[in-house]
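*Asks:*
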Amino acid sequence: MTREKGLEKGTSQKRIGWIDEYKGFVLLLVCLFHVEQSFKNVNLGMEALSAMRMSAFFFISGVLFSTRRFADFKSYALHKTKVLLLPYVLLSLLFLALDPVVWNFDWFPRAPKMTVMNIRPVIENVWDYIYWNLAKIFVAGKSSIGSGPIWFVFTLYSISLMFFGVQKTSVILSNAKNPVLQKIIIAVIAASSLIAGWLLFKSHIRLPLGIERDCTCLAFFALGWLCKEPIKKLGNINSRVGNVTLLIGTIAAFVLYAIIDEATPWFSIMNNTLGKNIFRFVGSSILGIAGLIGLFQLLSKLPNVTPIAIFKGILRNISRNALIILAVHWWILLVLRIVFKAELDKPGIAYLSVLVIVAGVVATIPLFRNKLYKLIGKEKISVKESLSIK
-17 MTREKGLEKG TSQKRIGWID EYKGFVLLLV CLFHVEQSFK NVNLGMEALS AMRMSAFFFI
43 SGVLFSTRRF ADFKSYALHK TKVLLLPYVL LSLLFLALDP VVWNFDWFPR APKMTVMNIR
103 PVIENVWDYI YWNLAKIFVA GKSSIGSGPI WFVFTLYSIS LMFFGVQKTS VILSNAKNPV
163 LQKIIIAVIA ASSLIAGWLL FKSHIRLPLG IERDCTCLAF FALGWLCKEP IKKLGNINSR
223 VGNVTLLIGT IAAFVLYAII DEATPWFSIM NNTLGKNIFR FVGSSILGIA GLIGLFQLLS
283 KLPNVTPIAI FKGILRNISR NALIILAVHW WILLVLRIVF KAELDKPGIA YLSVLVIVAG
343 VVATIPLFRN KLYKLIGKEK ISVKESLSIK
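For the sequence shown, the working numbering gives the first residue as -17, with consecutive numbering after it.
Okay, here's the thing in C-alpha coordinates:
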(Lines of atoms letter the chains of each structure in order from A and count residues from 1; the text may use other names and numbers.)
(Lines give C-alpha, C1' and ligand atoms only; values in the text may rest on other atoms or scores of the structure.)
Protein backbone atom coordinates (compact mmCIF):
# COMPACT_ATOMS: atom_id res chain seq x y z
CA MET A 1 0.00 0.00 0.00
CA THR A 2 1.40 3.40 -0.92
CA ARG A 3 1.82 6.23 1.54
CA GLU A 4 -0.99 8.17 -0.13
CA LYS A 5 -3.42 5.25 0.05
CA GLY A 6 -2.50 4.75 3.69
CA LEU A 7 -3.33 8.39 4.37
CA GLU A 8 -6.65 8.06 2.59
CA LYS A 9 -7.77 5.02 4.52
CA GLY A 10 -6.24 6.04 7.83
CA THR A 11 -6.49 2.43 9.03
CA SER A 12 -3.68 0.66 7.25
CA GLN A 13 -1.37 -1.47 9.34
CA LYS A 14 1.51 0.10 7.40
CA ARG A 15 2.44 3.32 9.14
CA ILE A 16 2.82 6.50 7.11
CA GLY A 17 6.52 7.36 7.21
CA TRP A 18 6.54 11.14 7.03
CA ILE A 19 3.63 11.46 9.47
CA ASP A 20 5.45 9.32 12.05
CA GLU A 21 8.53 11.49 11.56
CA TYR A 22 6.44 14.66 11.92
CA LYS A 23 4.86 13.36 15.14
CA GLY A 24 8.20 12.21 16.50
CA PHE A 25 9.75 15.62 15.86
CA VAL A 26 6.89 17.45 17.57
CA LEU A 27 7.16 15.13 20.57
CA LEU A 28 10.89 15.84 20.69
CA LEU A 29 10.11 19.58 20.82
CA VAL A 30 7.69 18.92 23.70
CA CYS A 31 10.34 17.03 25.68
CA LEU A 32 12.98 19.71 25.09
CA PHE A 33 10.54 22.41 26.17
CA HIS A 34 9.95 20.56 29.44
CA VAL A 35 13.71 20.43 30.05
CA GLU A 36 13.99 24.15 29.36
CA GLN A 37 11.02 24.79 31.65
CA SER A 38 12.59 22.79 34.49
CA PHE A 39 16.06 24.35 34.63
CA LYS A 40 16.79 28.07 34.46
CA ASN A 41 20.24 27.44 32.97
CA VAL A 42 18.88 25.57 29.95
CA ASN A 43 17.96 27.65 26.91
CA LEU A 44 16.92 25.70 23.81
CA GLY A 45 14.64 28.29 22.19
CA MET A 46 11.58 26.12 22.79
CA GLU A 47 9.44 28.92 24.21
CA ALA A 48 9.25 30.50 20.76
CA LEU A 49 7.71 27.29 19.39
CA SER A 50 4.85 27.04 21.87
CA ALA A 51 2.17 27.98 19.32
CA MET A 52 2.93 25.05 17.02
CA ARG A 53 3.70 22.11 19.31
CA MET A 54 0.44 20.77 20.69
CA SER A 55 -1.74 22.26 17.96
CA ALA A 56 0.42 20.31 15.48
CA PHE A 57 -0.30 17.09 17.39
CA PHE A 58 -4.06 17.58 17.34
CA PHE A 59 -3.98 18.66 13.71
CA ILE A 60 -2.22 15.51 12.52
CA SER A 61 -4.56 13.37 14.66
CA GLY A 62 -7.42 14.93 12.72
CA VAL A 63 -5.69 14.11 9.43
CA LEU A 64 -5.58 10.45 10.50
CA PHE A 65 -9.18 10.32 11.78
CA SER A 66 -11.19 7.53 10.18
CA THR A 67 -14.33 5.53 10.96
CA ARG A 68 -13.65 2.74 8.45
CA ARG A 69 -12.75 0.19 11.13
CA PHE A 70 -15.29 1.42 13.67
CA ALA A 71 -18.34 2.71 11.86
CA ASP A 72 -20.63 2.99 14.90
CA PHE A 73 -20.02 5.13 17.96
CA LYS A 74 -20.02 2.23 20.44
CA SER A 75 -17.22 0.30 18.74
CA TYR A 76 -15.23 3.51 18.12
CA ALA A 77 -15.61 4.61 21.75
CA LEU A 78 -14.60 1.17 23.08
CA HIS A 79 -11.49 1.20 20.91
CA LYS A 80 -10.48 4.70 22.02
CA THR A 81 -11.17 3.78 25.64
CA LYS A 82 -8.74 0.87 25.34
CA VAL A 83 -5.92 2.75 23.60
CA LEU A 84 -6.32 6.21 25.18
CA LEU A 85 -8.54 6.47 28.27
CA LEU A 86 -7.31 3.40 30.14
CA PRO A 87 -3.62 4.21 29.52
CA TYR A 88 -4.30 7.77 30.71
CA VAL A 89 -5.77 6.53 33.99
CA LEU A 90 -3.27 3.72 34.58
CA LEU A 91 -0.17 5.79 33.79
CA SER A 92 -1.43 8.72 35.84
CA LEU A 93 -1.89 6.43 38.86
CA LEU A 94 1.41 4.61 38.29
CA PHE A 95 3.46 7.79 38.18
CA LEU A 96 1.51 9.25 41.11
CA ALA A 97 2.69 6.22 43.09
CA LEU A 98 6.25 6.92 41.89
CA ASP A 99 6.10 10.66 42.66
CA PRO A 100 9.05 11.57 44.96
CA VAL A 101 6.79 13.80 47.09
CA VAL A 102 4.57 10.81 47.96
CA TRP A 103 7.62 9.10 49.45
CA ASN A 104 9.15 12.17 51.09
CA PHE A 105 6.75 15.03 51.71
CA ASP A 106 9.64 17.31 52.71
CA TRP A 107 10.29 17.66 48.98
CA PHE A 108 6.85 19.16 48.36
CA PRO A 109 8.08 22.81 48.18
CA ARG A 110 10.26 21.80 45.21
CA ALA A 111 7.41 20.14 43.29
CA PRO A 112 5.55 21.90 40.45
CA LYS A 113 2.74 24.12 41.70
CA MET A 114 -0.67 22.54 41.49
CA THR A 115 -3.85 24.22 40.23
CA VAL A 116 -7.12 22.35 39.83
CA MET A 117 -9.81 24.24 37.88
CA ASN A 118 -8.61 27.66 39.13
CA ILE A 119 -8.23 26.30 42.67
CA ARG A 120 -4.78 26.58 44.23
CA PRO A 121 -5.21 23.94 46.96
CA VAL A 122 -3.75 24.16 50.45
CA ILE A 123 -1.66 21.02 50.84
CA GLU A 124 -0.36 20.28 54.32
CA ASN A 125 0.48 16.59 54.17
CA VAL A 126 0.96 13.69 51.78
CA TRP A 127 -2.71 12.71 51.92
CA ASP A 128 -3.73 16.19 50.78
CA TYR A 129 -1.18 15.84 47.99
CA ILE A 130 -2.59 12.48 46.87
CA TYR A 131 -6.18 13.75 47.11
CA TRP A 132 -5.54 16.75 44.88
CA ASN A 133 -3.57 14.64 42.41
CA LEU A 134 -6.58 12.35 42.12
CA ALA A 135 -8.72 15.45 41.55
CA LYS A 136 -6.38 16.46 38.73
CA ILE A 137 -6.69 13.02 37.13
CA PHE A 138 -10.43 12.42 37.44
CA VAL A 139 -11.97 15.89 37.72
CA ALA A 140 -9.70 18.28 35.82
CA GLY A 141 -8.52 15.70 33.26
CA LYS A 142 -4.92 16.91 33.55
CA SER A 143 -3.20 13.78 34.94
CA SER A 144 -1.11 13.62 38.10
CA ILE A 145 1.94 15.78 38.80
CA GLY A 146 4.10 12.70 38.23
CA SER A 147 2.77 12.17 34.70
CA GLY A 148 2.07 15.76 33.64
CA PRO A 149 2.06 15.52 29.81
CA ILE A 150 -0.42 12.62 29.82
CA TRP A 151 -3.20 15.25 29.87
CA PHE A 152 -2.73 15.20 26.10
CA VAL A 153 -3.94 11.58 25.93
CA PHE A 154 -7.15 12.35 27.80
CA THR A 155 -7.81 15.41 25.64
CA LEU A 156 -7.21 13.40 22.46
CA TYR A 157 -9.67 10.80 23.75
CA SER A 158 -12.31 13.46 24.44
CA ILE A 159 -12.06 15.29 21.14
CA SER A 160 -11.86 12.07 19.14
CA LEU A 161 -15.28 11.11 20.51
CA MET A 162 -16.54 14.65 20.00
CA PHE A 163 -15.38 14.75 16.39
CA PHE A 164 -16.97 11.39 15.69
CA GLY A 165 -20.27 13.05 16.56
CA VAL A 166 -19.43 16.17 14.55
CA GLN A 167 -18.51 14.15 11.48
CA LYS A 168 -21.61 11.96 11.65
CA THR A 169 -23.80 15.03 12.18
CA SER A 170 -22.29 16.70 9.11
CA VAL A 171 -23.11 13.60 7.05
CA ILE A 172 -26.72 13.67 8.20
CA LEU A 173 -27.16 17.41 7.62
CA SER A 174 -25.64 17.19 4.15
CA ASN A 175 -27.75 14.11 3.31
CA ALA A 176 -24.48 12.22 2.69
CA LYS A 177 -24.59 13.47 -0.92
CA ASN A 178 -22.87 16.81 -0.71
CA PRO A 179 -19.24 16.56 0.50
CA VAL A 180 -18.72 20.30 0.06
CA LEU A 181 -21.63 21.09 2.38
CA GLN A 182 -20.32 18.51 4.83
CA LYS A 183 -16.95 20.28 4.96
CA ILE A 184 -18.61 23.67 5.37
CA ILE A 185 -20.61 22.34 8.32
CA ILE A 186 -17.47 20.94 9.95
CA ALA A 187 -15.57 24.20 9.31
CA VAL A 188 -18.38 26.22 10.96
CA ILE A 189 -18.41 23.89 13.96
CA ALA A 190 -14.61 24.10 14.21
CA ALA A 191 -14.66 27.91 14.12
CA SER A 192 -17.44 28.02 16.71
CA SER A 193 -15.51 25.62 18.94
CA LEU A 194 -12.36 27.75 18.69
CA ILE A 195 -14.30 30.90 19.58
CA ALA A 196 -15.84 29.09 22.56
CA GLY A 197 -12.37 28.06 23.74
CA TRP A 198 -11.13 31.64 23.36
CA LEU A 199 -14.08 33.10 25.28
CA LEU A 200 -13.62 30.58 28.10
CA PHE A 201 -9.93 31.53 28.24
CA LYS A 202 -10.68 35.27 28.34
CA SER A 203 -13.27 34.67 31.07
CA HIS A 204 -10.75 32.61 33.10
CA ILE A 205 -13.19 29.71 33.18
CA ARG A 206 -11.90 26.21 33.89
CA LEU A 207 -14.44 23.42 33.43
CA PRO A 208 -14.42 19.77 34.57
CA LEU A 209 -12.46 17.34 32.38
CA GLY A 210 -10.77 20.20 30.53
CA ILE A 211 -13.78 21.04 28.37
CA GLU A 212 -12.41 24.53 27.70
CA ARG A 213 -9.25 23.14 26.08
CA ASP A 214 -11.34 20.53 24.26
CA CYS A 215 -13.05 23.41 22.47
CA THR A 216 -9.70 24.80 21.34
CA CYS A 217 -8.20 21.44 20.40
CA LEU A 218 -11.31 20.27 18.54
CA ALA A 219 -10.81 23.15 16.10
CA PHE A 220 -7.30 21.95 15.16
CA PHE A 221 -8.45 18.33 14.98
CA ALA A 222 -11.27 19.32 12.61
CA LEU A 223 -8.88 21.45 10.55
CA GLY A 224 -6.65 18.39 10.15
CA TRP A 225 -9.57 16.35 8.85
CA LEU A 226 -10.50 19.12 6.42
CA CYS A 227 -6.92 19.24 5.11
CA LYS A 228 -6.64 15.48 4.53
CA GLU A 229 -7.15 15.66 0.76
CA PRO A 230 -4.87 18.69 0.16
CA ILE A 231 -2.13 16.95 2.16
CA LYS A 232 -2.60 13.79 0.11
CA LYS A 233 -2.19 15.83 -3.08
CA LEU A 234 0.89 17.50 -1.63
CA GLY A 235 2.43 14.07 -1.15
CA ASN A 236 1.90 13.28 -4.82
CA ILE A 237 4.13 16.14 -5.99
CA ASN A 238 7.12 14.68 -7.81
CA SER A 239 8.19 17.35 -10.30
CA ARG A 240 11.20 19.58 -9.74
CA VAL A 241 9.07 22.71 -10.06
CA GLY A 242 6.58 21.30 -7.56
CA ASN A 243 9.30 20.43 -5.04
CA VAL A 244 10.93 23.87 -5.38
CA THR A 245 7.53 25.48 -4.85
CA LEU A 246 7.00 23.31 -1.77
CA LEU A 247 10.43 24.32 -0.43
CA ILE A 248 9.69 28.03 -0.94
CA GLY A 249 6.28 27.65 0.70
CA THR A 250 7.81 25.82 3.69
CA ILE A 251 10.44 28.51 4.22
CA ALA A 252 7.80 31.23 3.87
CA ALA A 253 5.58 29.51 6.46
CA PHE A 254 8.39 29.42 9.04
CA VAL A 255 9.43 33.02 8.32
CA LEU A 256 5.86 34.27 8.72
CA TYR A 257 5.54 32.18 11.89
CA ALA A 258 8.58 33.94 13.34
CA ILE A 259 7.09 37.33 12.42
CA ILE A 260 3.63 36.92 13.93
CA ASP A 261 4.35 34.52 16.80
CA GLU A 262 3.83 35.98 20.25
CA ALA A 263 6.22 34.09 22.50
CA THR A 264 5.49 36.16 25.61
CA PRO A 265 3.27 35.09 27.18
CA TRP A 266 3.81 31.68 25.65
CA PHE A 267 0.79 29.65 24.62
CA SER A 268 -0.30 26.64 26.67
CA ILE A 269 -3.08 24.50 25.26
CA MET A 270 -2.92 22.37 28.42
CA ASN A 271 -4.10 25.40 30.41
CA ASN A 272 -6.04 26.85 27.46
CA THR A 273 -3.79 29.92 27.68
CA LEU A 274 -4.02 31.43 24.21
CA GLY A 275 -2.13 34.72 24.44
CA LYS A 276 -3.35 38.27 23.92
CA ASN A 277 -4.68 37.99 20.38
CA ILE A 278 -6.68 35.11 18.89
CA PHE A 279 -5.50 35.95 15.37
CA ARG A 280 -1.85 35.71 16.40
CA PHE A 281 -2.50 32.42 18.15
CA VAL A 282 -4.42 30.86 15.26
CA GLY A 283 -2.17 32.36 12.58
CA SER A 284 1.09 31.27 14.16
CA SER A 285 -0.32 27.80 14.92
CA ILE A 286 -1.45 27.26 11.32
CA LEU A 287 1.80 28.62 9.87
CA GLY A 288 3.82 26.39 12.19
CA ILE A 289 1.77 23.35 11.18
CA ALA A 290 2.12 24.22 7.48
CA GLY A 291 5.87 24.59 7.86
CA LEU A 292 6.18 21.21 9.61
CA ILE A 293 4.08 19.46 6.96
CA GLY A 294 6.20 20.98 4.18
CA LEU A 295 9.42 20.12 6.00
CA PHE A 296 8.60 16.46 6.46
CA GLN A 297 7.10 16.10 3.00
CA LEU A 298 10.39 17.41 1.64
CA LEU A 299 12.40 15.16 3.95
CA SER A 300 10.49 12.14 2.62
CA LYS A 301 11.68 12.99 -0.90
CA LEU A 302 15.40 13.08 -0.02
CA PRO A 303 17.68 10.13 -0.80
CA ASN A 304 17.64 7.72 2.13
CA VAL A 305 21.37 7.97 2.87
CA THR A 306 22.59 6.73 6.25
CA PRO A 307 22.51 9.96 8.34
CA ILE A 308 19.05 10.88 7.07
CA ALA A 309 17.79 7.31 7.49
CA ILE A 310 19.01 7.21 11.10
CA PHE A 311 17.44 10.60 11.91
CA LYS A 312 14.12 9.58 10.37
CA GLY A 313 14.26 6.19 12.09
CA ILE A 314 14.76 7.78 15.50
CA LEU A 315 11.80 10.09 14.93
CA ARG A 316 9.61 7.15 13.86
CA ASN A 317 10.59 5.26 17.02
CA ILE A 318 9.71 8.28 19.14
CA SER A 319 6.31 8.42 17.44
CA ARG A 320 5.63 4.70 17.98
CA ASN A 321 6.51 5.02 21.66
CA ALA A 322 4.98 8.43 22.25
CA LEU A 323 2.88 7.44 25.26
CA ILE A 324 5.86 5.95 27.08
CA ILE A 325 8.13 8.86 26.26
CA LEU A 326 5.57 11.46 27.35
CA ALA A 327 5.19 9.87 30.76
CA VAL A 328 8.75 8.69 31.44
CA HIS A 329 10.67 11.78 30.35
CA TRP A 330 8.49 13.94 32.59
CA TRP A 331 8.88 11.64 35.60
CA ILE A 332 12.68 11.65 35.20
CA LEU A 333 12.61 15.43 34.96
CA LEU A 334 10.43 15.58 38.06
CA VAL A 335 12.95 13.52 40.04
CA LEU A 336 15.84 15.62 38.75
CA ARG A 337 14.20 18.95 39.59
CA ILE A 338 13.01 17.82 43.03
CA VAL A 339 15.94 15.73 44.22
CA PHE A 340 18.95 16.96 42.22
CA LYS A 341 18.10 20.47 41.06
CA ALA A 342 20.74 22.18 43.21
CA GLU A 343 23.46 19.99 41.71
CA LEU A 344 22.17 20.10 38.12
CA ASP A 345 20.87 23.62 37.59
CA LYS A 346 24.22 25.24 36.85
CA PRO A 347 25.53 26.69 33.57
CA GLY A 348 26.63 23.87 31.28
CA ILE A 349 25.90 21.11 33.78
CA ALA A 350 22.12 21.57 33.42
CA TYR A 351 22.31 20.20 29.87
CA LEU A 352 23.38 16.83 31.31
CA SER A 353 19.72 16.37 32.21
CA VAL A 354 19.03 15.73 28.51
CA LEU A 355 21.46 12.79 28.51
CA VAL A 356 19.92 11.39 31.70
CA ILE A 357 16.45 11.61 30.17
CA VAL A 358 17.51 9.94 26.92
CA ALA A 359 19.17 7.08 28.82
CA GLY A 360 16.16 6.64 31.09
CA VAL A 361 13.65 6.67 28.23
CA VAL A 362 15.66 4.20 26.13
CA ALA A 363 15.88 1.86 29.13
CA THR A 364 12.16 1.96 29.87
CA ILE A 365 10.75 1.61 26.33
CA PRO A 366 11.49 -2.17 26.25
CA LEU A 367 10.07 -2.53 29.77
CA PHE A 368 6.73 -1.08 28.75
CA ARG A 369 6.53 -2.67 25.30
CA ASN A 370 7.58 -6.14 26.46
CA LYS A 371 6.35 -6.39 30.09
CA LEU A 372 3.93 -3.55 30.91
CA TYR A 373 2.32 -3.35 27.47
CA LYS A 374 -1.22 -3.67 28.85
CA LEU A 375 -0.77 -0.37 30.70
CA ILE A 376 -0.38 1.47 27.40
CA GLY A 377 -2.98 -0.41 25.38
CA LYS A 378 -0.38 -1.99 23.09
CA GLU A 379 0.45 -5.51 21.91
CA LYS A 380 3.54 -7.21 23.32
CA ILE A 381 6.64 -6.88 21.15
CA SER A 382 10.28 -7.91 21.55
CA VAL A 383 12.94 -5.70 23.10
CA LYS A 384 14.71 -5.47 19.74
CA GLU A 385 11.54 -4.41 17.95
CA SER A 386 10.69 -1.82 20.60
CA LEU A 387 14.02 -0.05 20.01
CA SER A 388 14.08 -0.48 16.24
CA ILE A 389 14.65 2.64 14.13
CA LYS A 390 13.63 0.99 10.86
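Cβ atoms here follow ideal geometry from the backbone N, Cα and C, with glycine treated the same way.
Can you say whether residue 163 is buried or exposed, counting buried as having 16 or more other CB atoms within 10 angstroms of its CB?
*Replies:* Taking the first residue of the sequence shown as 1, we reach residue 163 at position 181. Counting Cβ neighbours within 10 Å, residue 163 comes out exposed, since fewer than 16 surround it.
*Asks:* Within 10 angstroms of its Cβ, does residue 69 collect 16 or more other Cβ (buried), or is it exposed?
*Replies:* Along the sequence shown, one-based indexing puts residue 69 at 87. Buried, by the Cβ-count rule.
*Asks:* Count the C-beta pairs between the segment 272 to 289 and the segment 213 to 224 that are closer than 8 angstroms, then say yes if the count reaches three, no if not.
*Replies:* A contact exists between the segment 272 to 289 and the segment 213 to 224.
*Asks:* Does residue 345 pass the burial test, meaning 16 or more other C-beta atoms within 10 Å, or should it be called exposed?
*Replies:* By one-based count along the sequence shown, residue 345 stands at place 363. With fewer than 16 other Cβ atoms within 10 Å, it is exposed.
*Asks:* Can you give the Cα-Cα distance for residue 118 and residue 33, rounded to whole angstroms?
*Replies:* As a working mapping, residue 118 is identified with position 136 in the sequence shown. As a working mapping, residue 33 is identified with position 51 in the sequence shown. Between residue 118 and residue 33, the C-alpha separation is close to 24 angstroms.
*Asks:* Suppose you measure from the CA of residue 368 to the CA of residue 78; what does that come to, to the nearest Å?
*Replies:* Taking the first residue of the sequence shown as 1, we reach residue 368 at position 386. Taking the first residue of the sequence shown as 1, we reach residue 78 at position 96. Their backbone Cα atoms lie some 25 angstroms apart in a straight line.
*Asks:* Can you give me the Cβ contacts of residue 74 inside the same chain, cut-off strictly under 7 angstroms, excluding the 5 residues immediately before and after it?
*Replies:* The residue you call residue 74 lines up with position 92 of the sequence shown. Cβ within range, chain order: 119, 125, 126, 129 and 132.
*Asks:* Measuring alpha carbon to alpha carbon, tell me which residue in 121, 112 and 87 is nearest residue 99.
*Replies:* Along the sequence shown, read from residue 1 onward, the residue named residue 99 stands at position 117. Closest by alpha carbon: 121.
*Asks:* Is the number of C-beta pairs between the segment 322 to 334 and the segment 95 to 115 that are closer than 8 angstroms three or more?
*Replies:* Touching, no, given that fewer than three Cβ pairs across the two stretches are closer than 8 angstroms.
*Asks:* Let me know the secondary structure DSSP gives residue 98 once reduced to three states.
*Replies:* Counting from 1 along the sequence shown, the entry for residue 98 is found at position 116. If DSSP states are grouped into helix, strand and coil, residue 98 belongs with the strands.
*Asks:* Using the Cβ count rule (16 or more neighbours within 10 Å means buried), how would you classify residue 109?
*Replies:* Within the sequence shown, numbered from 1, the residue matching residue 109 stands at position 127. Per the 10 Å Cβ criterion, exposed.
*Asks:* Within the same chain, show all residues whose beta-carbon is closer than 7 angstroms to that of residue 305, passing over the 5 residues directly before and after it, in chain order.
*Replies:* By one-based count along the sequence shown, residue 305 stands at place 323. Excluding residues within five positions, the ones whose Cβ falls inside 7 angstroms are 69, 135 and 358.
*Asks:* What is the rounded straight-line gap between the Cα of residue 80 and the Cα of residue 320?
*Replies:* Translated into positions along the sequence shown, residue 80 becomes position 98. Translated into positions along the sequence shown, residue 320 becomes position 338. Whole-angstrom Cα-Cα distance: 13 angstroms.
*Asks:* Kindly give me the distance between the Cβ atoms of residue 9 and residue 66, rounded to whole angstroms, as I take these residues to be in contact under 8 angstroms.
*Replies:* Taking the first residue of the sequence shown as 1, we reach residue 9 at position 27. Taking the first residue of the sequence shown as 1, we reach residue 66 at position 84. At roughly 16 angstroms, the Cβ-Cβ gap does not stay under 8 angstroms, so residue 9 and residue 66 are not in contact.
*Asks:* Mapping the DSSP letters down to three states, classify residue -10 as helix, strand or coil.
*Replies:* Position 8 of the sequence shown, counted from the first residue, corresponds to residue -10. Bear in mind that the predicted position of residue -10 carries a pLDDT of just 45, short of 50, making it unreliable; the figure below should be weighed with that in mind. Residue state, collapsed to three classes: helix.
*Asks:* What residues are listed by DSSP as bridge partners for residue 413?
*Replies:* Because residue 413 is not part of the residues shown, which for the chain are -17 to 372, the question remains open.
*Asks:* For residue -5, name the three-state secondary structure that DSSP assigns.
*Replies:* By one-based count along the sequence shown, residue -5 stands at place 13. Annotation note: pLDDT 47 at residue -5 (below 50); position unreliable, no value reported.
*Asks:* Mind checking which residues open and close the alpha helix (DSSP H) that includes residue 311?
*Replies:* The residue you call residue 311 lines up with position 329 of the sequence shown. Unbroken alpha helix (DSSP H) run through residue 311: 304 to 321.
*Asks:* Can you check the segment 197 to 242 for any alpha helix (DSSP H) of at least 4 residues that lies completely inside it and give the ranges in chain order?
*Replies:* 210 to 217 and 222 to 242, all fully within the segment 197 to 242.
*Asks:* Would you check whether the ligand GDP has a heavy atom nearer than 6 angstroms to the C-beta of residue 300?
*Replies:* No copy of the ligand GDP occurs in the structure displayed, which carries no ligand at all.
*Asks:* Applying the criterion that 16 or more other CB atoms from any shown protein chain within 10 Å of the CB defines a buried residue, is residue 38 buried or exposed?
*Replies:* By one-based count along the sequence shown, residue 38 stands at place 56. By the neighbour-count rule (16 or more Cβ atoms within 10 Å), residue 38 is buried.
*Asks:* Hey, residue 200 and residue 175: beta-carbon distance below 7 angstroms or not?
*Replies:* Within the sequence shown, residue 200 is the residue found at index 218, counting from 1. Within the sequence shown, residue 175 is the residue found at index 193, counting from 1. Cβ distance < 7 angstroms, so residue 200 and residue 175 count as in contact.
*Asks:* With DSSP run on the structure shown, which of helix, strand or coil describes residue 244?
*Replies:* In the sequence shown, counting from the first residue as 1, residue 244 sits at position 262. Note: residue 244 maps to coil in three-state DSSP.
*Asks:* In terms of alpha-carbon separation, which member of 212, 146 and 179 lies closest to residue 196?
*Replies:* To locate residue 196, count along the sequence shown from 1; it is residue 214. Nearest C-alpha to residue 196: 179.
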